[in-house]
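Q: Residue numbers (my numbering), protein chains in the order written: chain Z, 172 to 432; chain L, 2 to 261; chain S, 29 to 365.
Would you mind keeping the following structure in view while I ask a few things?
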Amino acid sequence: MTMRAYLAYCGKSFSKHISYRSEVWLRIIGNIVIMFIQVSIWKSLAASSPSHMLNISEMVTYSVITTSVMNLLMTRVYQSIDSKLQSGDICSDLQKPISYPWYLFFEQLGTVGFQLLFNVVPSILIALLLFGIQLPEASNLLPFLISLFLAMIISFLIGYLVALIAFWFLTTFALNWTLGALMTVFSGVFVPIWFFNPFWAELANMLPFQYLGYIPSAIYLGKIEQPYLILLQGCGWAATLLLVVNLLWWKAIKRLIVQGG
Amino acid sequence: MSVKLFFHFLKIIMRTRMEYRADFLLGMVGQILGYAANYLIVWLLLNRFTLIEGWAWPEMAFLISVNVLTYAIGASFTYSPMLSLEQLIIKGDLDKYLIKPINPFTYLIASFFNFGYIAHILISVVLLIWSLRNLDVHWGVFESIYFMFTLLSGSMLQAGGLILIGSWSLYFMKSQFMGDLYFKIKDVINYPISAYTAVIQIVLTWIMPLAFINYFPALYLLDKADNIALLLVPVIGPLFLLLTIFIWHRGIHQYQGAGS
Amino acid sequence: MAIIQINQLVKEYRTNKRFTGPFGLIKSLLSTEYVNTRAVDGISFSIDSGESVGYLGPNGAGKSTMIKMLTGILVPTAGDIQVDGKIPYRHRKEIARKIGVVFGQRSQLWWDLPVVDSFELHKHIYNISDSDYNSRVQQYIELLDMGSFVNKPVRQLSLGQRMRAEIALALLHNPEILFLDEPTIGLDVIAKHNIRTFLRQVNQETNVAIMLTTHDLKDIEEICDRIIIVNHGKSVFDGDVHHLKREIGGINKQVTIEFHIDPGEIAFPNALLIRDEGVRKKYEFIHHEGEENSLMRSIMSIPNVDQIKDISIEDMSIEEIIHKAFVNLNQNSKIRV
């Protein structure tokens with residue numbers, strides 16, 4: 172019964188995007204532009220560097236995958252909560268006889284489903300024609316798929332964490348920029364962590380953001396020797412974040428009640 | 002609109018901003034972090050590869066800083082009014098700007114002036130000064146004037162780009178996604194455009210003249226090319242701005258239903 | 029002297045034709061066919077300086093479009109339009125100095141700042157001299173009873189207070205005409221009454237002409253001498269309010285009476301039974317000049333008066349008035365379409 176309700180929310184948010192169809196093309200163009208910038212830079216660097224430093228077909232594939240994975244992330248959940256706080260919809264949402272986090276998760280899942288079908292798949296097909304991408308080794312396929320799923324979960328938890336922090340800051344503007352900064356560097360969306368200098372590489376490895384772009388791409392390219400171990404660590408991150416989020420959630424609820432909604 | 006009236010608008014906007022001081026300061030911190038990340042990525046890249054298209058880190062910092070600084074100046078004027086147009090039209094609020102005895106364009110620019118770019122200006126100026134101190138530029142009177150004018154021209158190009166997005170909403174109403182796309186495109190000039198294929202270089206020079214914002218001035222100032230035509234760079238900004246303002250006014254006439 | 033003069037004014041909106049069916053969307057995107065809708069369809073009238081005119085019509089009758097053309101926001105498709113001897117859209121800025129505009133649902137005040145700050149900015153936009161500005165602000169603070177809130181941020185004002193500030197703002201540059209688009213929309217009964225009284229006073233004391241759009245007949249009864257009714261872009265009635273009432277045989281009231289138990293048939297001499305659901309009966313009471321109390325008296329005099337559970341009294345809606353105006357029109361050539 173409840174599962175059905177969640178799937179209904181998922182479908183609802185999916186079809187909500189259908190009505191903004193006109194934006195689909197521009198989103199795809201946006202993806203291609205980002206991939207194009209990155210590919211151009213890698214090509215330029217490849218031309219002036221010794222071949223052992225940079226494998227161009229590898230880097231093209233890396234760019235296409237991280238850019239695509241970015242479209243599947245659920246960090247934007249905090250924007251959804253923020254607009255609900257502003258409009259007061261959050262009160263009616265909280266009164267629904269379902270678990271609120273799960274409701275948000277399925278709502279985001281609908282969005283991701285839409286992005287996958289109408290944005291990621293077409294973008295990858297175009298990228299395939301324009302730039303060409305490597306295929307993964309069969310043994311990396313399963314860990315890659317798991318890493319995608321993990322990227323969604325971790326991004327959801329990070330987005331949810333930001334939303335909860337926003338309860339205290341009362342604005343998401345500053346958090347939005349800060350999160351953007353962290354993602355730009357530590358998710359490895361453009362520059363893979365293997366090119367970082369030792370200090371920044373170590374820092375990046377200590378943070379969960381690497382799971383939002385770098386890890387899936389690196390697994391796809393076979394750059395990680397023990398992918399399952401890395402994925403296990405990722406699950407550890409998910410569990411930790413889940414704990415923190417739950418703790419903050421109870422504090423936030425208390426605060427909401429004290430403030431009188 | 003007189004300068005005095007414009008400053009009166011600025012005074013009022015500053016006062017509304019001060020009603021939300023804490024938000025403003027927090028936002029600044031966030032924005033500085035955001036841009037610091039953009040610089041950091043390029044620094045990390047050059048830490049590994051030394052040069053991009055023959056450009057070293059201080060030169061790249063110069064290139065990016067000029068882009069961010071001119072964007073900040075241009076966007077202070079045109080970001081909020083132009084990106085708000087879609088909503089103004091949908092809610093019918095644009096009408097309020099058409100019943101005053103002043104030009105609707107300057108009225109919009111004045112009432113939506115955005116002080117929120119102080120963070121952009123701070124970080125870009127700091128890195129600009131740092132990069133210039135680490136670069137070997139001969140600063141004669143001519144170079145200084147040239148640089149001032151290219152900054153001005155660049156700001157006008159940046160402002161003009163945003164005006165085109167606003168004009169889009171006057172013709173076709175929905176412009177949100179155009180805005181999103183523009184923000185992805187405008188970062189192409191954070192790298193030397195010689196890294197791109199010939200077609201894209203032509204587009205960035207003659208169709209969307211973004212290369213005039215930072216790439217061409219940098220070529221001249223950093224002694225990377227000595228083409229006399231580079232001296233004409235500061236002319237492009239004012240021309241482009243005038244063109245976009247003209248297109249915007251055509252859009253307003255369209256909105257008023259003069260065409261049909 | 030006529031301050032507004034329009035003749036056979038037309039405004040058409042052109043919209044892309046929408047297709048339905050399996051390929052409807054693609055067809056709609058590619059087609060260059062348009063559908064023209066006439067929001068204003070050949071309307072003529074003139075308004076003298078100092079007059080107060082109510083522009084009444086149901087939603088979608090083209091009221092806002094008319095105001096937008098008169099204020100120079102929209103360009104008409106056809107016909108003549110003159111405000112203060114000038115064509116508004118051609119001389120938009122000059123006309124702007126002669127008119128004040130209040131939009132019921134769109135604030136022209138600065139949300140986060142005290143009301144006076146918006147006044148101050150208005151002064152600079154319109155180049156109002158210090159002495160004129162000071163005396164007018166003083167005058168409107170008194171007239172509109174704004175003393176208690178001019179120094180409060182707009183976001184803290186009630187809707188009624190805000191509307192008063194909006195009206196004062198629109199009057200600060202001493203316009204010759206004040207346009208109000210739905211000025212009482214969303215206000216509660218008391219705030220509505222206050223605004224109406226203020227507008228009446230402003231019209232009488234400053235001799236500014238008032239043209240207001242509304243779909244509430246009460247607005248016009250209390251503020252305006254003259255009423256123009258529009259429907260589907262056409263003018264249905266133009267004359268004074270008493271004249272309208274006479275023509276359509278008064279503004280009838282619809283009364284729904286709910287009884288605890290079905291009292292059977294009840295008839296009133298001055299009412300028609302519209303609907304009978306047993307315990308709930310709906311009547312239309314015919315209005316007669318000078319017999320304003322007859323309605324309550326009739327109801328109180330029925331034998332089952334102690335069985336009444338609830339009574340609701342409604343004025344005729346604007347749609348019904350228009351319908352009536354049309355019916356009478358066919359029998360009475362004095363009202364023109």
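Using N, Cα and C, we set each Cβ at its ideal position, and we do this for glycine too.
Using a cut-off of 9 Å between C-beta atoms, extract the partners of T411 (chain Z) located in chain L.
A: Ordered by position in chain L, no residue passes the 9 Å Cβ test against T411 (chain Z), which lies about 23 Å from the chain.
Q: DSSP puts T173 (chain Z) in a beta bridge; with which residues?
A: Partner(s): none; T173 (chain Z) has no beta bridge.
Q: Quick one: grab the DSSP three-state call for W249 (chain L).
A: Note: W249 (chain L) maps to helix in three-state DSSP.
Q: Along the chain, which unbroken stretches of the beta strand (DSSP E) at least 3 residues long are found entirely within the segment 171–221 of chain S?
A: You should have 205–209.
Q: Rounded to whole angstroms, how far is the Cβ of F445 (chain Z) from the Cβ of L45 (chain L), which I believe are closer than 8 Å?
A: Residue 445 (chain Z) lies beyond the range of chain Z shown here (172 to 432); nothing can be said about it.
Q: Give the DSSP bridge partners of G128 (chain S), in chain order.
A: Partner(s): S:L206.
Q: By the criterion of Cβ-Cβ separation under 8 Å, what are the contact partners of N215 (chain L) in chain Z?
A: The premise fails here: N215 (chain L) is roughly 15 Å from chain Z at the closest Cβ pair, so nothing lies under 8 Å.
Q: With a cut-off of 8 Å, does the C-beta of E229 (chain Z) fall near any C-beta of chain L?
A: Taking Cβ atoms only, chain L never reaches closer than 8 Å to E229 (chain Z), which makes this a no.
Q: Going by DSSP, name the residue or residues bridged to M239 (chain S).
A: Its beta-bridge partners are S:V81, S:F207.
Q: In the segment 5–16 of chain L, which residues sit with their C-beta less than 8 Å from some C-beta in chain S, listed in chain order?
A: Under the 8 Å Cβ criterion, the segment 5–16 of chain L contributes K5, L6, H9, F10, I13, R16.
Q: Beta-carbon within less than 6 Å of I294 (chain S)'s beta-carbon, same chain only, minus the 5 sequence neighbours each way: which residues are those?
A: Answer for I294 (chain S): I330, listed in chain order.
Q: Check whether the segment 161–168 of chain L and the segment 66–86 of chain L touch, using three or more Cβ-Cβ pairs below 8 Å as the test.
A: Judged by Cβ distances under 8 Å, the segment 161–168 of chain L makes contact with the segment 66–86 of chain L, as three or more pairs qualify.
Q: Pull up the distance between the alpha-carbon of A89 (chain S) and that of I327 (chain S), whole angstroms please.
A: Straight-line Cα distance between these residues: approximately 36 Å.
Q: Of all the residues that make up the segment 43–67 of chain L, which are near chain Z by a beta-carbon distance shorter than 7 Å?
A: Those residues of the segment 43–67 of chain L that come within reach of chain Z (Cβ to Cβ, closer than 7 Å) are L45, L46, N48, R49, F50, L52, I53, E54.
Q: Rounded to whole angstroms, how far is the Cβ of I390 (chain Z) from the Cβ of S318 (chain Z), which I believe are closer than 8 Å?
A: That pair is a contact at about 5 Å.
Q: At what residues does the beta strand (DSSP E) containing V235 (chain Z) begin and finish?
A: Careful: V235 (chain Z) lies outside any beta strand (DSSP E), inside the alpha helix (DSSP H) at 227–241.
Q: Anything in chain L within Cβ reach of L335 (chain Z), meaning under 8 Å, just list it in chain order.
A: Those do not exist, as L335 (chain Z) stays about 16 Å from chain L at its closest Cβ, beyond 8 Å.
Q: Would you grab the beta carbon distance between V248 (chain Z) and F327 (chain Z) for me? Rounded to a whole angstrom, and I think it's under 8 Å.
A: Right, their Cβ atoms sit about 6 Å apart.
Q: Per DSSP, what kind of secondary structure is G117 (chain L) in: helix, strand or coil?
A: Looking at G117 (chain L) - three-state DSSP - the assignment turns out to be helix.
Q: Under 8 Å between the Cβ atoms of I119 (chain L) and M2 (chain L)?
A: The answer is no: Cβ separation not under 8 Å.
Q: Determine, for N39 (chain L), whether the minimum Cβ-Cβ distance to residues of chain Z falls below 8 Å.
A: Closer than 8 Å: yes.
Q: Would you call the segment 352–372 of chain Z and the segment 35–45 of chain L touching, i.e. three or more CB-CB distances under 8 Å?
A: With a cut-off of 8 Å, the segment 35–45 of chain L and the segment 352–372 of chain Z count as touching, because enough Cβ pairs lie within range.
Q: Would you be able to state if there are at least three C-beta pairs under 8 Å between the segment 131–143 of chain S and the segment 62–73 of chain S?
A: They do not touch, by the three-pair rule.
Q: Which one of Z:L321, Z:L374, Z:K187, Z:F207 has the shortest CA to CA distance from Y382 (chain Z)?
A: The shortest Cα separation from Y382 (chain Z) among Z:L321, Z:L374, Z:K187, Z:F207 belongs to Z:L321.
Q: Count the other CB atoms within 10 Å of the CB of T99 (chain S); is the residue buried (16 or more) or exposed (fewer)?
A: That one is buried.
Q: Name, going along the chain, the residues of the segment 94–105 of chain L whose beta-carbon falls closer than 7 Å to a beta-carbon of chain S.
A: Within the segment 94–105 of chain L, the residues whose Cβ lies closer than 7 Å to some Cβ of chain S are D94, D96, K97, L99, I100, K101, P102, I103, listed in chain order.
Q: May I ask you to verify whether the segment 10–30 of chain L touches the segment 140–156 of chain S, counting CB pairs closer than 8 Å and requiring at least 3?
A: The segment 10–30 of chain L, when compared against the segment 140–156 of chain S, does touch it at the 8 Å Cβ threshold.
Q: Strictly below 7 Å CB to CB, what residues from chain S border G258 (chain L)?
A: Those within 7 Å of G258 (chain L) in chain S are L102, V103.
Q: Give me the Cα-Cα distance between I325 (chain Z) and T411 (chain Z), rounded to the nearest whole angstrom.
A: Distance between the alpha carbons of I325 (chain Z) and T411 (chain Z) is about 10 Å.
Q: Count the other CB atoms, across all protein chains shown, that sit within 10 Å of the CB of Q229 (chain S); report buried if there are 16 or more and exposed otherwise.
A: Counting Cβ neighbours within 10 Å, Q229 (chain S) comes out exposed, since fewer than 16 surround it.
Q: Are the segment 200–207 of chain S and the segment 228–239 of chain L touching by the rule of at least three beta carbon pairs closer than 8 Å?
A: Short answer: they don't touch.
Q: Taking C-beta pairs closer than 7 Å, name the residues in chain Z that Y197 (chain L) reaches, listed in chain order.
A: Here the neighbours are S211.
Q: Considering only residues of the same chain and omitting the five flanking positions on each side of K151 (chain S), which have a CB-CB separation below 6 Å?
A: Excluding residues within five positions, the ones whose Cβ falls inside 6 Å are Y161.
Q: What is the DSSP secondary structure of S340 (chain S), counted as helix, strand or coil?
A: S340 (chain S) falls in the strand class under three-state DSSP.
Q: As a quick exercise: from Z:L418, Z:G284, Z:N376, pick the residue whose alpha carbon is nearest that of Q404 (chain Z).
A: Cα-wise, what sits closest to Q404 (chain Z) is Z:N376.
Q: Check whether the segment 146–164 of chain L touches the segment 201–219 of chain L, counting contact only when three or more Cβ pairs, one atom from each stretch, lie closer than 8 Å.
A: Yes, since at least three Cβ pairs between the segment 146–164 of chain L and the segment 201–219 of chain L fall closer than 8 Å, the two stretches touch.
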